[in-house]
Amino acid sequence: AQKVTQAQTEISVVEKEDVTLDCVYETRDTTYYLFWYKQPPSGELVFLIRRNSFDEQNEISGRYSWNFQKSTSSFNFTITASQVVDSAVYFCALSEGGTSYGKLTFGQGTILTVHP
Amino acid sequence: GAVVSQHPSWVICKSGTSVKIECRSLDFQATTMFWYRQFPKQSLMLMATSNEGSKATYEQGVEKDKFLINHASLTLSTLTVTSAHPEDSSFYICSASYETQYFGPGTRLLVL
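Heads up: the protein sequence lines correspond to chains A and B, in order.
If you're matching positions, the first sequence starts at 1 in my numbering and goes up one per residue.
If you're matching positions, the second sequence starts at 117 in my numbering and goes up one per residue.
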């Protein structure tokens, strides 16, 4: 069975601090996809990134960066110079069946609060 | 980009009534749609997988007679919560698959 663990339930930082959200996954699939979503108070899921298991290259998008380590089954997310608008719940998710459009297993989520 | 809508965005109903939630893919066709449920301060839990033209596949522990899913076309799936009770109050989110999953904005259900 697939499993995604986000050990950090809540993180609180002050604006401009860097923050890393951890994600560890378990799967028996050799091909799989990992995702990060942001859920602001409105509830709508905002897609941040999708990464397939064959692409271990780290990615940077503005203040966001992702570190995929297949050896440790981790897919961590770092926000550099955090801002108040980054406050939200962040979910890591894993798609099964070797496709990017299969059903998702979500982690428990990490509540990030950025204080001014 | 691919857009998924849900209607209604929120609904309040009396215990014992049935509520229908629609999920539409607006600019693409989706053979598969998923329904998730999220209780306050919890993660999203998959309820069922809906395939166009066939019966939905329910996750373990989800009552198929209570949560009726219909996927009548490639752009529309509906979730009907039958005889709703207060414990069914939750945030219901659908997603539609097209290369990846696209999520709807969610429906907040409050059963009094």
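Ideal Cβ positions, reconstructed from N, Cα and C, are used throughout, including at glycine.
Is the Cβ-Cβ distance between serine 87 of chain A and threonine 110 of chain A less than 9 Å? For the purposes of this step, residue 87 of chain A is taken as residue 87 along the first sequence, with counting starting at 1. For the purposes of this step, residue 110 of chain A is taken as residue 110 along the first sequence, with counting starting at 1. Result no, Cβ atoms of serine 87 of chain A and threonine 110 of chain A do not sit closer than 9 Å.
Which residues mark the beginning and the end of the beta strand (DSSP E) in which tyrosine 33 of chain A is found? Within the first sequence, residue 33 of chain A is the residue found at index 33, counting from 1. Following the DSSP letters along the chain, one finds tyrosine 33 of chain A inside the beta strand (DSSP E) bounded by residues 33 to 39.
List the residues of chain B whose Cβ lies closer than 9 Å to the Cβ of glutamate 44 of chain A, in chain order. Here the question's residue 44 of chain A lines up with position 44 in the first sequence. Going along chain B in sequence order, the residues near glutamate 44 of chain A (Cβ under 9 Å) are Ile209, Phe219, Gly220, Pro221, Gly222.
So the beta strand (DSSP E) threonine 165 of chain B belongs to, where does it begin and stop? Mapped onto the second sequence, residue 165 of chain B falls at position 49. Note, threonine 165 of chain B: beta strand (DSSP E), 160 to 167.
Skipping 5 residues on each side, what residues in its chain have a beta carbon closer than 8 Å to that of tyrosine 214 of chain B? Along the second sequence, read from residue 1 onward, the residue named residue 214 of chain B stands at position 98. Taken in chain order, the residues that qualify are Ala118, Ser141, Phe144, Gln145, Ala146.
Neighbour flag for serine 100 of chain A against chain B, beta carbons, 9 Å: For the purposes of this step, residue 100 of chain A is taken as the residue at position 100 of the first sequence. By this cut-off, serine 100 of chain A is an interface position.
Say whether chain B places a C-beta atom closer than 9 Å to the C-beta of glycine 62 of chain A. Within the first sequence, the letter at position 62 stands for residue 62 of chain A. No, its Cβ sits nowhere closer than 9 Å to a Cβ of chain B.
Are the C-beta of threonine 196 of chain B and some C-beta of chain A separated by less than 9 Å? Position 80 of the second sequence, counting from 1, holds the residue named residue 196 of chain B. Answer no: the Cβ-Cβ gap between threonine 196 of chain B and chain A never drops below 9 Å.
When DSSP builds the beta bridges, which residues end up paired with glutamate 26 of chain A? In the first sequence, counting from the first residue as 1, residue 26 of chain A sits at position 26. In DSSP, glutamate 26 of chain A forms a bridge with A/Lys3.
Identify the residues that DSSP records as bridge partners of valine 127 of chain B: which are they? The count along the second sequence starts at 1 and reaches residue 127 of chain B at position 11. Valine 127 of chain B is bridged to B/Leu225.
Hey, how far is the Cα of proline 202 of chain B from the Cα of proline 124 of chain B? The count along the second sequence starts at 1 and reaches residue 202 of chain B at position 86. The count along the second sequence starts at 1 and reaches residue 124 of chain B at position 8. Straight-line Cα distance between these residues: approximately 18 Å.
Nearest chain B C-beta to lysine 103 of chain A closer than 9 Å, yes or no? Indexing the first sequence from 1 puts residue 103 of chain A at position 103. Chain B, which has a Cβ nearer than 9 Å to the Cβ of lysine 103 of chain A, makes this yes.
Starting from the C-beta of serine 74 of chain A, find all residues in its chain whose C-beta is less than 8 Å away, skip the five residues before and the five after it, and write them out in chain order. As a first step, residue 74 of chain A must be located in the first sequence, where it is residue number 74. So the list reads Asp22, Cys23, Val24, Tyr25, Asn67, Phe68, once near-sequence residues are dropped.
CB isoleucine 49 of chain A to CB phenylalanine 91 of chain A, shorter than 9 Å? For the purposes of this step, residue 49 of chain A is identified with residue 49 of the first sequence, where counting begins at 1. For the purposes of this step, residue 91 of chain A is identified with residue 91 of the first sequence, where counting begins at 1. No; because the gap between Cβ atoms is not below 9 Å, this pair is not in contact.
The beta strand (DSSP E) with alanine 188 of chain B in it runs from where to where? Taking the second sequence and counting its residues from 1, one reaches residue 188 of chain B at position 72. Run containing alanine 188 of chain B: 183 to 189, per the beta strand (DSSP E) assignment.
Residues of chain A with CB under 8 Å from tyrosine 214 of chain B, in chain order? Translated into the one-based positions of the second sequence, residue 214 of chain B becomes position 98. What tyrosine 214 of chain B touches in chain A: Tyr101.
Whose C-alpha, out of A/Ser53, A/Glu59, A/Gln83, is nearest the C-alpha of threonine 99 of chain A? Within the first sequence, the letter at position 99 stands for residue 99 of chain A. When each option's Cα is compared against that of threonine 99 of chain A, the closest is A/Ser53.
Taking the beta carbon of glycine 177 of chain B as the centre, do at least 16 other beta carbons fall within 10 Å, making it buried, or is it exposed? Against the second sequence, residue 177 of chain B aligns to sequence position 61. Answer is exposed; the Cβ neighbour count stays below 16.
Do you know how far the Cα of cysteine 210 of chain B is from the Cα of glutamine 154 of chain B? Taking the first residue of the second sequence as 1, we reach residue 154 of chain B at position 38. Taking the first residue of the second sequence as 1, we reach residue 210 of chain B at position 94. So the two alpha carbons sit approximately 11 Å from each other.
Per DSSP, cross-strand counterpart(s) of valine 85 of chain A: The residue given as residue 85 of chain A occupies position 85 in the first sequence. Valine 85 of chain A pairs with nothing; no bridge assigned.
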